[in-house]
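Taking it in order: structure first as structure tokens, then the write-up.
2 protein chains.
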Amino acid sequence: MLAARRRFPAAPEPFLDLSTGIAPRAYPMPPLPPEAFARLPEPSAQAMLCRLAAARYDVPAGARVVAAPGTQILLPMIAALRPPGIARILGPTYAEHARAATLAGHEAREVGALAELTPASLVTVVNPDNPTGQVLAAETLAALAARQRGDGGLLVVDEAFGDADPDLPSALPLVPGGGVVVLRSFGKFHGLAGLRLGFAVAPEGVAARLEALLGPWAVSGPALLAGQAALADEAWAASQRAHLAAAAARLDGVLRQAGLVVLGGTPLFRFIQAPPGTFERLGRAGILVRAFAHWPDRLRIGLPPDDAAFARLAAALA
Amino acid sequence: MLAARRRFPAAPEPFLDLSTGIAPRAYPMPPLPPEAFARLPEPSAQAMLCRLAAARYDVPAGARVVAAPGTQILLPMIAALRPPGIARILGPTYAEHARAATLAGHEAREVGALAELTPASLVTVVNPDNPTGQVLAAETLAALAARQRGDGGLLVVDEAFGDADPDLPSALPLVPGGGVVVLRSFGKFHGLAGLRLGFAVAPEGVAARLEALLGPWAVSGPALLAGQAALADEAWAASQRAHLAAAAARLDGVLRQAGLVVLGGTPLFRFIQAPPGTFERLGRAGILVRAFAHWPDRLRIGLPPDDAAFARLAAALA
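The listed protein sequences correspond, in order, to chains L and F.
Per this note's numbering, residue 22 is the first one in the first sequence, and the count goes up by one each step.
Per this note's numbering, residue 22 is the first one in the second sequence, and the count goes up by one each step.
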């Protein structure tokens with residue numbers, strides 16, 4: 022936001038930040054007693070959190086959930102599960118995957134086609150994709166997993182945006198077969214990104230390695246309490262899915278009304294084709310969206326939080 | 022605590038947990054607006070937190086502060102700054118250092134004498150030590166740093182319990198010379214261990230590597246706000262030092278009154294010689310302290326939080 026203010030110093034404040042894919046409607050934080058801040062989190066509380074996550078995500082037997090202070094910190098740890106070699110990421114996508122693989126010593130590169138992903142010791146796909154929203158079919162995921170297992174490689178499937186639609190294909194059923202690690206994000210769907218909470222789902226041996234690297238007390242007291250409450254609250258999750266779907270449809274209406282082409286996305290963000298200058302036009306109106314250096318005519322737009330924000334976006338695009 | 026309840030099922034509740042070295046008087050949490058939980062932390066806020074930490078710890082030019090969700094998660098990252106080799110830890114001490122070095126592929130072992138620490142690619146000392154409270158002199162730290170620099174090795178100095186007495190020798194002045202990383206804990210002195218916040222101080226190149234491994238948004242919104250408030254609050258820090266010193270002196274009085282020998286410690290915990298059975302006797306009274314498998318006649322005891330807790334400890338030892 023600081024960078025946005027520097028770039029558009031004359032924009033009306035406050036800025037409307039539509040540059041992320043975080044739900045604008047947040048899970049209501051449970052009361053946080055002083056002990057949640059003061060004491061080291063109990064290992065039993067973290068174990069309970071992981072059981073609730075396993076139930077929410079429908080994690081199969083033979084796969085275990087590991088809790089972390091956000092999935093971001095897991096990326097270099099997971100990339101280092103294989104010795105330095107070739108890393109391929111289906112892209113263009115979330116750039117942190119290539120960065121993490123490079124940090125772990127791999128020769129890392131985004132490739133544009135499934136056929137170019139293998140052979141590689143580390144294959145990463147984001148499903149549904151960020152920012153395009155493209156979805157890989159269950160058979161495609163299974164084929165990638167089989168290929169990686171045969172080669173002694175690893176398949177990483179980032180399902181950070183998977184919670185908004187539980188009917189999407191998931192790689193979780195593939196985890197018990199080995200060679201597959203799945204990432205799930207807590208903060209995006211629950212609108213609590215500042216808490217820092219995310220999960221890896223991995224076979225037992227890999228899960229134990231990740232837990233050892235994270236150490237005890239990886240998750241903060243506030244994240245433990247909010248995570249436990251939210252992951253046990255199926256009614257809220259169902260209402261959130263309905264809310265996100267409605268907000269995404271409303272956003273599509275605003276975008277189409279302005280003559281923009283919605284190419285795809287997920288219920289947490291839309292991916293659009295927009296004439297050159299749209300990013301700057303929105304920026305001067307105090308609205309920050311996500312631009313891409315390699316796609317000058319495309320933008321990613323998050324969900325406006327309320328009626329006023331929808332109206333402000335519509336006015337800026339009019 | 023769950024384990025304590027299982028071991029002493031007849032103990033009176035609630036348990037009094039004196040098994041940690043966390044200050045029982047906590048820094049008052051600042052108000053946490055919804056955005057602290059909802060939004061991704063701003064990089065500029067984390068940079069400000071690191072500047073405040075640098076001021077509090079008197080970090081010299083040429084050394085940079087890196088913020089993490091607790092120092093624990095940094096240990097394997099720091100151990101992996103050198104290729105697998107020999108790791109030596111001055112001990113017996115906090116066991117996580119040997120565990121982290123082993124995880125990073127080192128042949129890791131605790132040794133009892135300074136002379137046995139080198140040669141090693143990774144040398145770790147805890148200063149002041151946990152649990153003995155022993156303090157290494159500035160000259161000793163400087164000699165270890167010089168030796169490690171000459172050998173291309175690394176010296177890690179864990180100053181987790183250094184905040185309670187800022188006059189203690191610190192390795193921070195040695196960081197700009199290279200080959201030295203210092204760890205500082207936020208949660209122990211400020212009584213906010215559940216927040217998960219800690220720091221590494223390292224030369225620029227090493228700091229950049231650690232920041233890359235941690236990724237953006239390593240520190241949660243609540244930890245950022247509380248950390249900024251607490252690290253800027255020198256008056257509270259001074260009052261906390263006085264409070265801890267007084268509580269430690271009072272604890273020494275209770276322990277000596279009971280005929281126990283106080284061997285050392287820091288203002289955040291005391292290290293005592295106690296007759297066999299003292300741990301069990303306290304446990305049956307619902308008081309949990311820290312025992313050591315390798316030191317059956319020694320215990321570490323944290324500060325009782327209030328008059329009632331002091332009285333309960335005195336009664337259990339009477």
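Backbone N, C-alpha and C define an ideal beta-carbon position, used for all residues, glycine too.
Small disclaimer: the values here were computed from a predicted structure and weren't measured.
Contact residues of the stretch 235-266 of chain L toward chain F are L235, G236, P237, W238, A239, V240, S241, G242, P243, A244, L245, A247 (C-beta to C-beta distance below 9 Å). Residues of the stretch 91-105 of chain L whose Cβ lies closer than 8 Å to any Cβ of chain F, in chain order: G91, Q93, I94, L96, P97.
The beta carbons of R60(L) and A214(F) sit closer together than 9 Å. For T41(L), the closest Cβ of chain F is nearer than 9 Å.
DSSP, reduced to helix, strand and coil, places A44(F) outside both helices and strands of the structure shown, so it counts as coil.
With contacts defined as CB atoms closer than 9 Å, P113(F) and G133(F) qualify as a contacting pair. Annotation: Cβ neighbours of F58(L) in chain F (cutoff 8 Å, chain order): A47, M50, L213, G215, L216, P243, A247. In the displayed model, F331(F) falls within a helix according to three-state DSSP. Residues of chain L whose Cβ lies closer than 7 Å to the Cβ of M69(F) do not exist; the shortest such Cβ separation is about 11 Å. For F182(F), DSSP assigns no beta-bridge partner whatsoever.
Spanning the alpha carbons of E63(F) and P55(F) requires a straight line of approximately 14 Å.
Contacts between P62(L) and chain F, judged by CB atoms closer than 9 Å, involve A214, G215, R217 in chain order.
As for any beta strand (DSSP E) of minimum length 3 sitting wholly inside the stretch 228-298 of chain L, the runs are 282-287, 290-294, ordered along the chain. Closest by C-alpha distance to V87(F), out of L39(F), A185(F), A129(F), L235(F), is L235(F).
Check the Cα spacing between T299(F) and each of L324(F), P317(F), D328(F), E160(F): the tightest is with P317(F). Counting every other CB atom within 10 Å of its CB across the protein chains shown gives Q93(F) a total of 16 or more, marking it as buried. Note on geometry: alpha-carbon atoms of A329(L) and T139(L) lie some 47 Å from one another.
Inclusion of A82(F) and A108(F) in the CB contact set at 9 Å is not warranted, their separation being larger than that value. When the alpha-carbon of F58(F) is set against those of A122(F), A247(F), L135(F), the nearest one is in A247(F). Counting the other Cβ atoms within 10 Å of the Cβ of D38(F) gives 16 or more, which makes it buried. Against chain F, the beta carbon of L23(L) has neighbours under 7 Å at E63, S65, listed in chain order. In chain order, A88, A89, P90 place their CB closer than 7 Å to the CB of A239(L), counting only its own chain and leaving out the 5 sequence neighbours on each side. Exclusion of the five residues before and after A121(L) leaves L96, P97, A100 as the residues of its chain whose Cβ lies within less than 7 Å of its Cβ. As the crow flies, the alpha-carbon of V178(L) is around 17 Å from that of D172(L). Annotation: the continuous alpha helix (DSSP H) that includes S65(F) extends over 64-78. Here S40(L) really is in contact with G323(L); their C-beta atoms are around 7 Å apart, less than 8 Å. Only residues of its own chain outside the window of five on either side were considered, and among them P288 have a CB closer than 6 Å to the CB of A266(L), listed in chain order. Under DSSP, R109(F) shares a beta bridge with R130(F), V144(F). Judged by beta-carbon spacing, F207(L) lies within the 9 Å limit of A244(L), meaning their Cβ atoms are closer than that value. Interface annotation, L124(L): in contact with chain F, CB-CB separation under 9 Å. Sequence-distant partners of P194(F) (beyond 5 residues in either direction) whose C-beta falls short of 7 Å from its own C-beta, in its chain, are P81.
If you draw a straight line from the Cα of G198(L) to the Cα of P52(L), it is about 40 Å long.
Between the alpha carbons of D327(L) and I308(F) lies a gap of roughly 52 Å. By the 16-neighbour rule on beta-carbons within 10 angstroms, H315(F) is exposed. Taking the CA atoms as reference points, V283(F) sits about 55 Å from L176(L). DSSP places L303(L) in the helix class (H, G or I) of the three-state scheme.
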